[in-house]
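Q:
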Amino acid sequence: GLDINPKDEL
Amino acid sequence: MNVFRLTGDLSHLAAIIILLLKIWKSRSCAGISGKSQILFAIVFTTRYLDLLTSFISLYNTCMKVIYIGCAYATVYLIYAKFRATYDGNHDSFRVEFLVVPVGGLSVLINHDFSPLEILWTFSIYLESVAILPQLFMISKTGEAETITTHYLFCLGLYRALYLFNWIWRFYFEGFFDMIAIVAGVVQTVLYCDFFYLYVTKGWFSRPYRL
Chain A
1 GLDINPKDEL
Chain B
11 MNVFRLTGDL SHLAAIIILL LKIWKSRSCA GISGKSQILF AIVFTTRYLD LLTSFISLYN
71 TCMKVIYIGC AYATVYLIYA KFRATYDGNH DSFRVEFLVV PVGGLSVLIN HDFSPLEILW
131 TFSIYLESVA ILPQLFMISK TGEAETITTH YLFCLGLYRA LYLFNWIWRF YFEGFFDMIA
191 IVAGVVQTVL YCDFFYLYVT KGWFSRPYRL
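Protein chains in written order, with the numbering used here: chain A, 1 to 10; chain B, 11 to 220.
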């Protein structure tokens with residue numbers, strides 16, 4: 001499945 | 011991390027540094043929209059609150075601190091130190107027409123109804139339209155200093171590169187965030203007109219004219 005956004009981006 | 015995200019971040023960092031140095035060295039913020047810079051400071055503040063709650067990497071933390079620091083330094087230079095050079099008459103975009111709909115949308119369409127997630131969503135939506143006061147101001151004055159056009163080019167390029175980053179991550183990592191992608195597309199599309207002029211007019215000769 002598609003991960004939820006790990007918020008590892010700026 | 012992939013090459014698109016890294017070059018995107020570096021392009022974003024370049025834009026932020028270019029603007030800050032331009033104002034600092036020329037001791038003037040003529041032609042710069044203070045409203046857009048306030049919106050960017052809000053974008054970074056609401057997006058990087060996770061600095062207080064989670065550690066992702068040294069790179070991630072450092073960049074977030076640099077972005078927030080430079081954003082507030084730029085706002086300070088515009089509204090305090092060099093406020094005499096601030097062109098308030100042309101910086102007349104009604105930002106409430108951006109902040110209110112974006113605020114409402116972030117409460118309606120988000121991944122999770124938690125404070126941190128809604129603030130993150132708000133910052134994603136706000137960033138996609140935060141440059142409008144600046145583009146509006148340039149359309150009113152009818153020109154922009156060359157250095158300002160380089161700032162805008164780097165700023166527009168960064169999210170365009172992020173679009174490729176999201177394609178890469180979808181293909182290789184199965185990562186997919188519809189909110190960030192849709193907002194990123196809107197943000198990049200808003201620069202298209204400017205990109206066209208930037209590339210075709212070869213501004214290195216004369217100021218940018220609409």
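Cβ atoms here follow ideal geometry from the backbone N, Cα and C, with glycine treated the same way.
1. Can a CB atom of chain A be found closer than 9 Å to the CB of residue 82/B?
2. Going by beta-carbon coordinates alone, are residue 129/B and residue 59/B separated by less than 9 Å?
3. What three-state label does DSSP hand residue 191/B in the structure shown?
4. Taking the continuous alpha helix (DSSP H) assigned at residue 57/B, which residues delimit it?
5. Using CA atoms only, rank isn't needed, just tell me which of 41/B, 80/B and 20/B is closest to residue 155/B.
6. Could you give the DSSP three-state label for residue 96/B: helix, strand or coil?
7. Please classify residue 90/B as buried or exposed, where buried requires at least 16 other C-beta atoms within 10 Å of its C-beta.
8. Do the CB positions of residue 84/B and residue 29/B come within less than 9 Å of each other?
9. Rounded to whole angstroms, what is the Cα-Cα separation between residue 153/B and residue 147/B?
10. Cβ of residue 1/A less than 9 Å from any chain B Cβ?
11. So residue 141/B contacts chain A; which residues on that side make the cut at Cβ distance below 9 Å?
12. Report the neighbours of residue 8/B on chain A: residues whose CB is nearer than 7 Å to its CB, in chain order.
13. Is there a Cβ of chain A sitting closer than 9 Å to that of residue 181/B, yes or no?
14. Distance cutoff 9 Å, beta carbons only. Does residue 190/B sit that close to anything in chain A?
15. Just checking, does the segment 170 to 183 of chain B make contact with the segment 192 to 200 of chain B on the three C-beta pairs under 8 Å criterion?
16. Roughly how many whole angstroms lie between the Cα atoms of residue 99/B and residue 35/B?
17. Near residue 57/B, what residues of its chain come up, given a Cβ to Cβ distance below 7 Å and the 5 sequence neighbours on each side ignored?
A: In brief:
1. no
2. yes
3. helix
4. 44 to 57
5. 41/B
6. coil
7. exposed
8. yes
9. 9 Å
10. Legend: pLDDT at residue 1/A = 39, less than 50; position of this residue unreliable, no value from coordinates given.
11. Result: empty, since nearest Cβ-Cβ is about 17 Å, beyond 9 Å.
12. There is no way to answer for residue 8/B, as the model of chain B reaches only from 11 to 220.
13. no
14. yes
15. yes
16. 23 Å
17. 130 and 133
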